[in-house]
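Trainee:
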Amino acid sequence: MRPVPVWVGTSWKMNKGPAAAIETARALAAFTPPAGVQPFVIPPFTSLRDVCAILHDTPVLTGAQNTHWEDAGAWTGEISPAMVAECGAELVEIGHSERRAHFGETDWTVNLKVHAVLRHGMRPLVCIGDSAQEHDFGVTREVLARQIMIALHGVSPRKMAQVLVAYEPVWAIGVNGRAAEAGFVAEIHAHLRAVLVRIAGEEAGGNVPLLYGGSVTRDNARAYTRLDNIDGVFVGRAAWNVTDFVQLIRSVAP
Ligand code: PGA
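So that you can map any letter, position 188 of the sequence shown is 190 in the working numbering, and since no number is skipped, the others follow by simple counting.
#1: Going along the chain, which residues of its own chain have a beta-carbon closer than 6 angstroms to the beta-carbon of P159, five neighbours each way excluded?
#2: If you compare alpha carbons, which of P20, P36, T111 is closest to D52?
#3: Give the single residue among A163, G131, Q67 whose Cα lies nearest to the Cα of A182.
#4: For A255, does the three-state DSSP call read helix, strand or coil?
#5: When you compare each of L93, V235, P35, N17 to T219 by their alpha carbons, which one comes out closest?
#6: Use the C-beta contact count for G215: other C-beta atoms within 10 angstroms, 16 or more gives buried, fewer gives exposed.
#7: Got a sec: does the ligand PGA put a non-hydrogen atom nearer than 6 angstroms to the Cβ of F236?
#8: Following a CB-centred definition, is G97 positioned closer than 6 angstroms to any heavy atom of the ligand PGA?
#9: Could you give the distance in angstroms between the alpha-carbon of F186 and the alpha-carbon of A37?
#10: Here's a check: name, in chain order, each residue in its chain whose Cβ is nearer than 7 angstroms to the Cβ of W110, leaving out the five neighbours to either side.
#11: Nearest-angstrom Cα distance between V172 and D230?
#12: Starting from F42, follow its DSSP beta bridges and name the residues at the other end.
#13: Report the residue ranges of all alpha helix (DSSP H) runs contained in full by the region 102 to 159; include only those spanning at least 4 residues, in chain order.
#14: Report buried or exposed for R195, applying the criterion of at least 16 other Cβ atoms within 10 angstroms of its Cβ.
#15: Could you tell me the boundaries of the alpha helix (DSSP H) in which F236 lies?
#16: Excluding sequence positions up to five away, which residues of its chain have a Cβ less than 8 angstroms from the Cβ of E136?
#17: Identify every run of the beta strand (DSSP E) within the region 174 to 239, keeping only runs that are complete inside it and at least 3 residues long; order them along the chain.
#18: Inspect the CB distances between the region 53 to 71 and the region 81 to 97 and report whether three or more fall short of 8 angstroms.
#19: Compare the C-alpha of S82 against each of G123, V112, V119, R252 and name the closest.
#20: Below 6 angstroms CB to CB, which residues in the same chain sit around S262 once its five sequence neighbours on both sides are set aside?
#21: How would you label N178, buried or exposed, when you count the other beta carbons within 10 angstroms and need 16 or more for buried?
#22: Taking Cβ to Cβ, would you say L212 is nearer than 7 angstroms to D233?
#23: Give the DSSP bridge partners of I56, in chain order.
#24: Using a Cβ-based criterion (distance less than 6 angstroms to any ligand heavy atom), does E189 qualify as near the ligand PGA?
#25: Under the three-state reduction of DSSP, which class applies to A168: helix, strand or coil?
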């Protein structure tokens, strides 16, 4: 059973200052996505408020790339979930592998952030993924089960309806990455689905959208989304250009 719709989103990572972000958001606001597709964009914090305002009354959702777990306090350089919510964000990306690798994010801080995001009425987009080494040693399933079980620990079945999960193999992301085979992703998603059902029950666990990310392009996106176990794609480089993103969105229409 596929939870509808097909999700297709992009994080701009550390790209697009306010001027470029506003220009991109305005172009997206003028675009009508096909039925059955749920697009989203995740700008840097410096333009989060502007992009949220521009896309507010459109079908495109807006998210933040990260959040702290506390609402306020002596945390120099951090952005709180209350601030992100006040900007108008609907989603918050949590635990991307670049944050885990370079900024010390752990499964435990991911869990704190998931709860913070839910507390503020936003949807956490939890990123999980195996490293190349873990993949080579054949422990992908174990690694992902551990990541997801800690990330979602303590989330009630009711709140689980707000959660999205993105499987993003570290070996598939970025310029040196190679896109995972769609069949492999579908198998891994079936495993993740079973883990979700085990921790949240048939209904709540069965409905969490499972996205794939890692070297997705407008040419390969549909190979993923046409498979039953893959509820959407999460894209980096290939969606930063708005024309490419629009084509990618059209390509995954059911
Ligand atoms: P990529 O990034 O599409 O540029 O490989 C994916 C991601 O980091 O989510």
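Cβ coordinates follow ideal geometry from the N, Cα and C atoms, glycine included. Small disclaimer: the values here were computed from a predicted structure and weren't measured.
Mentor: Answer, in terms of the structure:
#1: Stepping through the sequence shown from its first residue, residue 159 is reached at position 157. Cβ neighbours of P159 within its own chain (closer than 6 angstroms, five residues either side excluded): A202, G203, A206.
#2: Numbered from 1 along the sequence shown, position 50 holds the residue referred to as residue 52. Of all alpha-carbon atoms in P20, P36, T111, the one lying nearest the alpha-carbon of D52 is that of P20.
#3: Translated into the one-based positions of the sequence shown, residue 182 becomes position 180. Answer by Cα proximity: G131.
#4: In the sequence shown, residue 255 corresponds to position 253, counting from 1. Coil at A255, not helix or strand.
#5: Counting from one through the sequence shown, the residue named residue 219 turns up at place 217. Just measuring C-alpha positions, the residue of L93, V235, P35, N17 sitting nearest T219 is V235.
#6: To locate residue 215, count along the sequence shown from 1; it is residue 213. G215 comes out buried.
#7: Taking the sequence shown and counting its residues from 1, one reaches residue 236 at position 234. Checking every heavy atom of the ligand PGA against the Cβ of F236, one is found closer than 6 angstroms.
#8: The residue you call residue 97 lines up with position 95 of the sequence shown. It does not: the Cβ of G97 is nowhere closer than 6 angstroms to a heavy atom of the ligand PGA.
#9: Position 184 of the sequence shown holds residue 186. Position 35 of the sequence shown holds residue 37. Each residue's Cα considered, the two are about 28 angstroms apart.
#10: Residue 110 sits at position 108 when you count from the first residue of the sequence shown. Cβ within range, chain order: I152.
#11: Translated into positions along the sequence shown, residue 172 becomes position 170. Translated into positions along the sequence shown, residue 230 becomes position 228. One C-alpha to the other measures close to 23 angstroms.
#12: For this step, residue 42 is matched to residue 40 along the sequence shown. Bridge partners of F42: G11, L63.
#13: 109 to 121, 134 to 138, 142 to 153
#14: Locating residue 195 in the sequence shown gives position 193, counting from the first residue. Looking at its Cβ environment, which holds 16 or more other Cβ atoms inside 10 Å, R195 is buried.
#15: On the sequence shown, position 234 is the one that residue 236 refers to. Here F236 belongs to no alpha helix (DSSP H); instead the beta strand (DSSP E) covers 234 to 237.
#16: For this step, residue 136 is matched to residue 134 along the sequence shown. Same-chain partners within the cutoff: T142, V145.
#17: Positions of the beta strand (DSSP E) runs, each at least 3 residues long and wholly inside the region 174 to 239, are given as 212 to 215, 234 to 237 in order along the chain.
#18: Contact between the region 53 to 71 and the region 81 to 97 is present, because at least three Cβ pairs lie under 8 angstroms.
#19: By one-based count along the sequence shown, residue 82 stands at place 80. Ranking the options by Cα distance to S82, first place goes to V119.
#20: This structure leaves residue 262 out entirely; the chain is present only between 3 and 256.
#21: For this step, residue 178 is matched to residue 176 along the sequence shown. The residue is exposed, with fewer than 16 neighbouring Cβ atoms inside 10 Å.
#22: Against the sequence shown, residue 212 aligns to sequence position 210. Against the sequence shown, residue 233 aligns to sequence position 231. Closer than 7 angstroms, so yes.
#23: As a first step, residue 56 is located in the sequence shown; it is residue number 54 there, counting from the start. DSSP output for I56 lists no bridge partner at all.
#24: To locate residue 189, count along the sequence shown from 1; it is residue 187. Relative to the ligand PGA, even the nearest heavy atom lies 6 angstroms or more away from the CB of E189.
#25: For the purposes of this step, residue 168 is identified with residue 166 of the sequence shown, where counting begins at 1. In the structure shown, A168 sits in a strand (DSSP, three-state: E or B).
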